[in-house]
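Visitor: Residue numbers (the numbering used here), protein chains in the order written: chain H, 1 to 358; chain V, 359 to 588; chain W, 589 to 961.
Okay, structure coming up:
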């Protein structure tokens, strides 16, 4: 695991000066900082992408400028930086009637949920912070922390709109985790493991060995997973917890400045996590689409990031195209369509495997 | 519009003015029919209004001269069969002036009578007539017969009580609240007579001619000398 | 508000809320997501229009009418000048009439574009809204070309117009219409036939015809309930009887007659009809005629009163004018179509989910400036 490599490396370098406890701590902190840096840079890029993609969909130019100065840089490249700075510099307001400790805790909790998911995401053959043997299960598990913090934020704000947002997100995320998990069971059945690296290695050898093309049931499982993942990260058409034309801003109504930025950041981080799981589970992760073509470890990172990036692009695309569902329709789709579909998939894949692959 | 259609319309309008509405109603093409009806409305508007006394109105009601009467005369004739002593002061060809007392019953009759069938209250407004009188005016309209009438009810400023018609035409709910808000006309029987546009604690009735602005509002002095902005 | 039961919560939607289209406060009683009772509180935008009118001359009223319905100022002007002209018995020449119709119909297109776009926005569809605003902008450019203003025009005057059409206006308008007509189909496909949009609007907020008439609802909202009632046809003012156009009514294509989807669709169809009218009016536009020809030197209507109705994009716009023979109106009342449309909200939206209530509110197309006056 990466922590072990770093520990060994640090021991070799500094073993004479520091005790092994300090080195272990340092070797744990380094990947954390790396992930944090990655999330920050990634968020800036995806905010820019969201602005530009939405602009092209909406027939406008989006952030534009000719250089640094009053404008937002060449092609508006500085716009996400300006947005981030604005959020950082804003006054931090806590409503007097809010439940202060919980109000402060909520944005940190949601960020922690997104942050620790990154630990198990495989970026390349050897680039993974912790190669857990239950990686997929772990990501599904820690992903649920988000729902706690959303309820917390909704309750602690002491605002009726926030409460509505919190309750909606609780119902929505808890429901949609079931079809998402059941769709991933298909992947686990085929690969025979919960380890994400092993799942990816199972898909070696070009595009037709990817799990999504394994048998006719898996594409359905992929679609079910992707839509459920959309609902889990509260993106349109499932952005009910923060639907701005109904609930003002949902659970985030009373948050401003840096605390709001944390909600924002973790939404984008969660988008990356669910897209990366989809890429690893269904689309071959860091494997090249063509056997032997651009398949060195460095290209592996490229493939992983571009597959994930494509799925994130699809999410942005959907957001700016579709209206929002109503809360009961949302539940109907989950329990009456996706859940049976996911169960049928499991049976279908099981039967298919027994009949054709034995 | 082609000439054939124009001729057809002229023909049916002439017939309708003579009292026979069937040719118009039998026109198949909806556009032409509505054009003909529009032409009829126009033709009626320019027809000389004939002075008819009340006896001949009743006599004429069954005859085919309906189109020659103004709608006001028809309404008065129809009402006088069912109500007595409802008219207030001298009448006019543009409106019907009635007394406040049985306005609710009259309104109910106007709304439900098959020949009148004023199913839509277009507008309700108050007017300050000065000399201590307020007036509430109702513009009624029938979606079925496409005729419209104005009803006026005069009340004294000391006791501005008019029966509410809110339960007949639900649109009157807000109209009456607005008239109450602006003129202080008290619509008796209204289920929820509150101010609608002004704050609940406002003093006075702004659209009365003798309205004086309040000195202070919530402790803020209202400026009397308005410079620059008015 | 009555009694609040143990399970219920009183919630204020507004005065500052993204879905109330202005400053409107809806006090609602909610049980979870279900809204059982809606009480609108108005007056946050009350600017004493009627009181002002009693203190200014007839021509000075026109800019105030602009500011009542700021999304359809041209038709607001139109209704007022028609009323005063009827009161004074002024006949204006054909060129003026045609220009007025062109302006009013362009304004109707602009207003309906905004109404349908904002309706989509209420349901979370951001993109159609911006596409519609893009085309509305081109209409506003035409208005700017004509009278210099982009929102509050003060263009139609009693007995005439403030300016004649500028050079190149006719070509620019025809260009716009050629560009715009295919876009209407695009809007219909983009928003109207979107599955989620249909799910959110069909069978939601059904307004039966009797309810609509009883509550005095007019305009596209009434026509969506299946009643063919349009003052341009049924009580033609100006020169509307010279044009050939249809009145779209709700047919319940996706659900029941009178649901939110019908209200949306009727507006979209009306845009098509308005395009037809503008084309005809441009075809028939007389070359000569002074737009100031029949303007009276002093507007002093004879003693009397008039109730005049015109069809604004939101419905029957009535002006009740009581004249005492002086040059200021003794009483001027505007019968606002959005005012009555908002009155029906509790009747058709009570008992629906919160998301539906805001969708129904969006489908009624209210403008608070006109409601509060």
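Beta carbons: idealized from backbone N, C-alpha and C, even for Gly.
Using a beta-carbon distance below 9 Å, is residue 549 of chain V in contact with chain W?
Guide: No, residue 549 of chain V does not count as interfacial toward chain W.
Visitor: I'd like the ranges of any alpha helix (DSSP H) spanning at least 4 consecutive residues and lying wholly in the region 127–169 of chain H.
Guide: Whole alpha helix (DSSP H) segments, 4+ residues: 135–143 and 145–156.
Visitor: Report buried or exposed for residue 820 of chain W, applying the criterion of at least 16 other Cβ atoms within 10 angstroms of its Cβ.
Guide: With 16 or more Cβ atoms within 10 Å of its Cβ, residue 820 of chain W is classed as buried.
Visitor: Can you say whether residue 450 of chain V is buried or exposed, counting buried as having 16 or more other CB atoms within 10 angstroms of its CB?
Guide: When all chains shown are included, residue 450 of chain V counts as exposed.
Visitor: Using a C-beta to C-beta distance shorter than 9 Å, which residues of chain V count as neighbours of residue 652 of chain W?
Guide: Going along chain V, no residue has its Cβ under 9 Å from residue 652 of chain W, so there is no contact; the nearest lies around 13 Å.
Visitor: Does the separation of the CB atoms of residue 102 of chain H and residue 172 of chain H fall below 9 Å?
Guide: Cβ atoms of residue 102 of chain H and residue 172 of chain H: not closer than 9 Å.
Visitor: DSSP has residue 89 of chain H in a bridge; who is on the other side?
Guide: Partner(s): none; residue 89 of chain H has no beta bridge.
Visitor: So residue 499 of chain V is in the beta strand (DSSP E); what residue range does that whole segment cover?
Guide: 491–499 is the extent of the beta strand (DSSP E) around residue 499 of chain V.
Visitor: Pop quiz: residue 346 of chain H and residue 284 of chain H are said to be a contact at Cβ under 8 Å. What is the actual Cβ separation, rounded to whole angstroms?
Guide: Between residue 284 of chain H and residue 346 of chain H the Cβ distance is about 21 Å, and since that is not below 8 Å, they are no contact.
Visitor: Classify residue 747 of chain W: buried if its beta carbon has 16 or more other beta carbons within 10 angstroms, exposed otherwise.
Guide: Buried, since its Cβ has 16 or more Cβ neighbours within 10 Å.
Visitor: Between residue 720 of chain W and residue 704 of chain W, how many whole angstroms is the CB-CB distance? I'm expecting something under 8 Å.
Guide: Confirmed, Cβ separation roughly 6 Å.
Visitor: Would you list the one or two residues that DSSP bridges to residue 455 of chain V?
Guide: In the DSSP output, where bridge partners are listed per residue, residue 455 of chain V has V/510.
Visitor: Determine, using beta carbons only, whether residue 807 of chain W comes closer than 9 Å to chain V.
Guide: Not one chain V Cβ lies under 9 Å of residue 807 of chain W.
Visitor: Would you say residue 485 of chain V reaches chain W, if we count a Cβ-Cβ gap shorter than 9 Å as a contact?
Guide: Cβ-Cβ to chain W under 9 Å: yes for residue 485 of chain V.
Visitor: Please classify residue 620 of chain W as buried or exposed, where buried requires at least 16 neighbouring CB atoms within 10 angstroms.
Guide: Residue 620 of chain W should be labelled exposed.
Visitor: Using a Cβ-Cβ cut-off of less than 9 Å, list which residues of the region 80–99 of chain H approach chain W; keep chain order.
Guide: So the list is empty, because no residue satisfies the distance condition.
Visitor: Should the region 676–696 of chain W be called in touch with the region 208–226 of chain H, which here means at least 3 C-beta pairs below 8 Å?
Guide: As far as the Cβ criterion goes, the region 676–696 of chain W does not touch the region 208–226 of chain H, which means the pair count is below three.
Visitor: Write down every uninterrupted run of the beta strand (DSSP E) in the region 619–644 of chain W whose length is 3 residues or greater and which is fully enclosed by it, in chain order.
Guide: Taking only runs of at least 3 residues, the beta strand (DSSP E) segments lying wholly in the region 619–644 of chain W are 622–629.
Visitor: Can you give me the C-alpha to C-alpha distance between residue 940 of chain W and residue 335 of chain H, rounded to a whole angstrom?
Guide: So the alpha carbons of these two residues sit roughly 22 Å apart.
Visitor: Could you pull out every residue in the same chain whose Cβ sits closer than 7 Å to the Cβ of residue 629 of chain W, ignoring the five residues on either side in sequence?
Guide: Contacts found: 613 and 615.
Visitor: Would you mind telling me which residues of chain H sit closer than 9 Å to residue 782 of chain W, beta carbon to beta carbon, in chain order?
Guide: Those are 321, 322 and 323, listed as they occur along chain H.
Visitor: With DSSP collapsed to three states, give me the class of residue 301 of chain H.
Guide: Three-state result, residue 301 of chain H: helix.
Visitor: Would you please verify whether the beta carbon of residue 673 of chain W is less than 9 Å from any beta carbon of chain V?
Guide: Not an interface residue.
Visitor: Taking DSSP as the reference, what is the three-state secondary structure of residue 808 of chain W?
Guide: Reduced to three states, the DSSP call for residue 808 of chain W is helix.
Visitor: Which of the three DSSP states, helix, strand or coil, is assigned to residue 911 of chain W?
Guide: It is a strand residue.
Visitor: For residue 450 of chain V, does the three-state DSSP call read helix, strand or coil?
Guide: Residue 450 of chain V: coil per DSSP, three-state reduction.
Visitor: With respect to the beta strand (DSSP E) encompassing residue 264 of chain H, which residues constitute its N-terminal and C-terminal limits?
Guide: Residue 264 of chain H -> not in any beta strand (DSSP E); alpha helix (DSSP H) instead, spanning 257–282.
Visitor: What residues of chain W sit near residue 327 of chain H, judged by a beta carbon separation below 7 Å?
Guide: Correct list: 621, 941 and 943.
Visitor: State the DSSP-derived secondary structure class of residue 754 of chain W, mapped to helix, strand or coil.
Guide: Coil at residue 754 of chain W, not helix or strand.
Visitor: In chain order, what residues of the region 243–257 of chain H put their CB closer than 7 Å to some CB of chain W?
Guide: Listed by position, the residues of the region 243–257 of chain H near chain W (Cβ gap below 7 Å) are 243, 244, 245, 246 and 248.
Visitor: Using a Cβ-Cβ cut-off of 6 Å (strictly less than) and excluding sequence neighbours within five positions of residue 453 of chain V, which residues of its own chain qualify?
Guide: Contacts found: 508 and 510.
Visitor: At which residue ranges does the region 766–854 of chain W contain complete alpha helix (DSSP H) runs of 4 or more residues, listed in the order of the chain?
Guide: You should have 783–789, 797–802, 808–812 and 819–822.
Visitor: Using 8 Å as the threshold, is the region 826–833 of chain W in touch with the region 801–811 of chain W, meaning 3 or more CB pairs across them?
Guide: Contact fails: fewer than three Cβ-Cβ distances are below 8 Å.
Visitor: Taking just the CA atoms, how far does residue 895 of chain W sit from residue 641 of chain W?
Guide: Their Cα atoms are separated by approximately 16 Å.
Visitor: Could you check what DSSP says for residue 60 of chain H in three-state terms: helix, strand or coil?
Guide: DSSP places residue 60 of chain H in coil when its eight states are reduced to three.
Visitor: Tell me which residues share the same chain as residue 236 of chain H and place their Cβ nearer than 7 Å to its Cβ, disregarding the 5 neighbours each side in the sequence.
Guide: Once the five neighbours on either side are set aside, the close Cβ partners of residue 236 of chain H are 318, 319, 322 and 324.
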